[in-house]
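Student: For reference, the structure I am asking about is given below.
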Amino acid sequence: LEKRRGVRRGRTVRRALCAACACLALGLFAAGHHLYFTPTSVISMDINPSIELSVNRFDRIIDVSGYNEDGTQLAETLNLLHQDYEQAVEQVLGSETVQTCLAGDEFLAITVVEIDPQQGDDILQYIAGCTAGQANTRCYGVTPEDVEQAHSLGLSYGKYRAYLDVLAYTDQYSPQQIAAMTMRQIRELLHALSSGEAPSSAPTGGGGYG
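Set out below in structure tokens:
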């Protein structure tokens, strides 16, 4: 009888250990999943396609979002998920869509949202090096405070910055109109606004001010 009790106690201990190990493994998996899929920087690339790449603490792309029709199409044509951000940025910059825009003298704005300041600074320095020879490209680093507001307006970070610049001169342009413009059109609009030469009414078409 005592022997059977010992066997039962052994089985109970083993079951408890197995359950504890399973809980530990599940906890570690959940923690690892959370760490991997938490963005620590975001790269917003705006030219005519507006595309955003979310980067995790391991320098991997965990989300790709298009913020206009061209951006969505570009995101669908590139295989960027889980790539190192350097490879992903090179893919976007080297894509036929972006190269065609640059060849047509369009303007490319790249904005790095520095959720993790050190990583954000590293990404910004890398991108600045990649685009150093491109005259119509600018890189910016921003803090994440305006992220929620940008997305609530349907804008990428880069175009949200541009929208705020326009808003400093006039409220005649809606976020949707800014989203529909190319970055060069926005820069031309800002130049006109700063010179007092902008049209007296906002454009009604999707193309905006050209």
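In our numbering, the protein residues as written are 514 to 723. In this text, a Cβ means the ideal position worked out from N, Cα and C, and glycines have one as well. In this text, all values refer to a predicted model and were calculated from it rather than measured experimentally.
1. Here's the rule: buried if 16 or more other CB atoms are within 10 angstroms of the residue's CB, otherwise exposed. What is Gly642?
2. Residue range of the alpha helix (DSSP H) that Ala601 falls in?
3. How many angstroms separate the CA atom of Leu706 from the CA atom of Ile699?
4. On the DSSP letters alone, give me the boundaries of the beta strand (DSSP E) that Ile556 sits inside.
5. May I ask which residues mark the beginning and end of the beta strand (DSSP E) holding Glu565?
6. Going by C-alpha to C-alpha distance, which of Gln631, Ser554, Ala692 and Asp559 sits closest to Glu619?
7. Rounded C-beta distance between Val626 and Val555? I'm assuming under 8 Å.
8. So what does DSSP say about Ala681, is it helix, strand or coil?
9. So, do the stretch 559 to 568 and the stretch 683 to 698 have three or more beta carbon pairs nearer to each other than 8 Å?
10. What do you reckon, are the CB atoms on Glu599 and Tyr549 nearer than 8 Å?
Tutor: By the coordinates alone:
1. Translated into positions along the sequence shown, residue 642 becomes position 129. That one is exposed.
2. Position 88 of the sequence shown, counted from the first residue, corresponds to residue 601. Per DSSP, Ala601 is one residue of the alpha helix (DSSP H) stretching across Tyr598 to Gly607.
3. Along the sequence shown, one-based indexing puts residue 706 at 193. Along the sequence shown, one-based indexing puts residue 699 at 186. When the Cα atoms are used, Leu706 and Ile699 turn out to be separated by approximately 10 Å.
4. Counted from its first residue, the sequence shown places residue 556 at position 43. For Ile556, the enclosing beta strand (DSSP E) has its first and last residue at Pro552 to Asp559.
5. In the sequence shown, counting from the first residue as 1, residue 565 sits at position 52. Taken as a continuous stretch (DSSP letters only), the beta strand (DSSP E) holding Glu565 covers Ser563 to Asn569.
6. Numbered from its first residue, the sequence shown carries residue 619 at position 106. Of the candidates Gln631, Ser554, Ala692 and Asp559, the one whose C-alpha sits nearest the C-alpha of Glu619 is Asp559.
7. Your numbering for residue 626 matches position 113 in the sequence shown. Your numbering for residue 555 matches position 42 in the sequence shown. Confirmed, about 4 Å.
8. Locating residue 681 in the sequence shown gives position 168, counting from the first residue. Note: Ala681 maps to coil in three-state DSSP.
9. Contact holds between the stretch 559 to 568 and the stretch 683 to 698, because three or more Cβ pairs, one in each stretch, are under 8 Å apart.
10. Along the sequence shown, read from residue 1 onward, the residue named residue 599 stands at position 86. Along the sequence shown, read from residue 1 onward, the residue named residue 549 stands at position 36. Not in contact: Glu599 and Tyr549 (Cβ atoms no closer than 8 Å).
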